[in-house]
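Asker: I have a structure here, written as structure tokens, and I will follow up with some questions on it.
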Amino acid sequence: MPEARAHAEKKPHQVKFWESNALLAAAKGGHGAMAIWMFTDIFNGFYMQSNQEVMDQLASHGDLEAVRRLVAEGWQPPRLDFAADGGNIALVQWLLDQHKDLGKQWALKNAAAKGHLAIVKLLVNEGIVYLDDQAFCDAAANGHLAVVQTLKENNLGWNMAYKAIDLAASHGHLEIVQYLHGVCSGSCTHRTMRAAAGSGHLHVVQWLHTQFADDPNVDLYEAGTKQQFNTTVMDVSAVNGHLHVIKYLHEVALAMETVTATVVNQLDQLSGGMILEKTIPTCTPAAIQFAAAGGHLEVLRWLYANYWTEPSVDVMDVAAASGNLMMIKWLHENTTAKFSSAAMDGAAREGHLAIVKWLHENRSEGCTVKAMDDAAAMGHLHVLQWLNEHRSESCSAKALEGAASEGHFDVALFLASKYPELGGVIEHDFIENRYISSWLEEEYPQHD
0 MPEARAHAEK KPHQVKFWES NALLAAAKGG HGAMAIWMFT DIFNGFYMQS
50 NQEVMDQLAS HGDLEAVRRL VAEGWQPPRL DFAADGGNIA LVQWLLDQHK
100 DLGKQWALKN AAAKGHLAIV KLLVNEGIVY LDDQAFCDAA ANGHLAVVQT
150 LKENNLGWNM AYKAIDLAAS HGHLEIVQYL HGVCSGSCTH RTMRAAAGSG
200 HLHVVQWLHT QFADDPNVDL YEAGTKQQFN TTVMDVSAVN GHLHVIKYLH
250 EVALAMETVT ATVVNQLDQL SGGMILEKTI PTCTPAAIQF AAAGGHLEVL
300 RWLYANYWTE PSVDVMDVAA ASGNLMMIKW LHENTTAKFS SAAMDGAARE
350 GHLAIVKWLH ENRSEGCTVK AMDDAAAMGH LHVLQWLNEH RSESCSAKAL
400 EGAASEGHFD VALFLASKYP ELGGVIEHDF IENRYISSWL EEEYPQHD
């Protein structure tokens, strides 16, 4: 190829930066053969950039042939961490034989997270067991049961079983939850139930309830800590719209209430004379707010029918910011709760022009200057244009300042044309975007 020959005639210092990046891009894409061709034909055996990242990328794709070829050319060997991540045990073994001490801190963690069981076993046999706690948790979170078992059998990381079981539950890996429960008794708690319910894994929720319903030592439905705003399992299920989980927990609650007809399900005598009050699943007002914030109309309708008579004003405002116009219409038509000006402000901030228009046409609460100020900072020019034409609240200097700070030049131009007085009251020195800052200085010069 004429172009290749022309490049080959260059001296090392003449190799362009983009050409060096091209070789790295080939390595990142797992194209080892192309990387070698570029090195030999394009660079004529010269490569002035650091070759460590190239080698690491080739190793992460498990390309033993390319790695060995480039090492023979004098390149730095890749780090074991990346080879372990790539999953080619032959490459890992070659590095252990030839370059064992290069970059092994993350090797076990990377292999465990990807489920490379053979490499995990090899590293354990070689005594390369750094970050075993993280390796154990990552394997559990990603559903690699055999890796979890291997680490446990070698006494590596299993002291983190209490965290690993919650991670497994949050990702729906029931077999790992069951295994860890079997080998590490006491590791299932209300946090495990919250993790499963919050991620919508009904099969894990059902197993936990069946397994621990009669266990006097485990209260699966205990409310969250103060840091968790005292939310319940049903509340966290509403966050991501898991109505199937909410309905199941509701049936559980009805069954538990039938047994005792009280808020407290059961009093069990524990060792040492302690009494555990087992909690019945329920919702707090946070559930309907979570559903509204997430735009989960079906969840909101179900909660409205089964737990509340009237949502609060802030629920309406949160729903407007969620962008779900059908939810807004349903709340308007089926409840008597009031919106506030925060509804249109929030919808404008998030760029939901359809909701802004609907609120303007169907509600009387209006908005504040925050509607335009926040829409400007977020770069929603279409919202700004509509508000400018149809509303009278206007904006403050924060609108131009926010648009300029965030680099929304089109918004800044619009505001400057419609509200020229704003440019003289904002501090240009605080605008991080130097191009817009320079433009503002030219349009609105400020003097000491």
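Using numbering that gives the first Met the number 0, the letters of the sequence shown correspond one by one to residues 0 to 447. Idealized CB from N, CA, C, for every residue including glycine.
1. Using alpha carbons as the reference points, say which of K27, V355, A167, G142 lies closest to L207.
2. What does a CB cutoff of less than 6 Å around S236 pick up in its chain, not counting 5 residues either side in sequence?
3. Can you have a look at S395 and say buried or exposed, based on whether 16 or more other CB atoms are within 10 angstroms of its CB?
4. Alpha helix (DSSP H) containing P284: first to last residue?
5. Whole angstroms are fine: how far does the CA of T257 sit from the CA of L266?
6. Looking at L179: is its Cβ nearer than 8 Å to the Cβ of S169?
7. Using the beta-carbon count (16 or more within 10 Å), is K113 buried or exposed?
8. Rounded to whole angstroms, what's the CA-CA distance from N216 to I279? Just pull it up for me.
9. Which residues in the same chain as N158 place their Cβ atom closer than 8 Å to its Cβ, once the five residues preceding and following it in sequence are excluded?
10. Between the alpha carbons of K151 and L95, how many angstroms are there, rounded?
11. Please name the residue, chosen from A194, A140, Q92, that lies closest to E125 on a Cα-to-Cα basis.
12. If we count the other Cβ atoms within 10 Å of its Cβ and call it buried at 16 or more, is T188 buried or exposed?
13. Strictly by DSSP, which residues pair up with T230?
14. Give the DSSP-derived three-state secondary structure of Q268 in the structure shown.
15. Out of curiosity, what's the CA-to-CA distance linking P419 and V312?
16. Helix, strand or coil for T188, going by three-state DSSP, please let me know.
17. Please classify K151: does DSSP put it in a helix, a strand, or coil?
18. Short of 6 Å in beta carbon distance, which residues of its chain neighbour G29, apart from the five on each side in sequence? Order them along the chain.
19. If you draw a straight line from the alpha carbon of A25 to that of G240, how long is it in whole angstroms?
20. Please identify the residue among W307, K369, E388, W329 whose C-alpha is closest to the C-alpha of H295.
21. Please state the DSSP three-state secondary structure of K103.
22. Out of curiosity, what's the CA-to-CA distance linking A336 and A290?
23. Straight-line CA distance for R193 to L219?
24. Of all the options H98, V147, G142, L101, which has the alpha carbon lying nearest to the alpha carbon of V119?
25. Using CA atoms only, rank isn't needed, just tell me which of L173, T231, A222 is closest to Q205.
26. With DSSP as the reference, label S340 as helix, strand or coil.
27. Distance, Cα to Cα, A83 vs L242?
Answerer: Based on what the coordinates show:
1. A167
2. A196, V244, I245
3. buried
4. 284-293
5. Residue confidence for L266 is low, a pLDDT of 46 falling below 50, so the modelled location carries little weight; the figure read from the coordinates is stated next. Spanning the two alpha carbons is a distance of roughly 15 Å.
6. no
7. buried
8. 15 Å
9. D132
10. 24 Å
11. Q92
12. buried
13. Answer is none; T230 lacks a bridge partner.
14. The predicted position of Q268 is uncertain, since its pLDDT is 46 and thus under 50; a value taken from the coordinates is nonetheless stated next. It is a strand residue.
15. 36 Å
16. coil
17. helix
18. H60
19. 41 Å
20. W329
21. coil
22. 16 Å
23. 8 Å
24. V147
25. L173
26. helix
27. 40 Å
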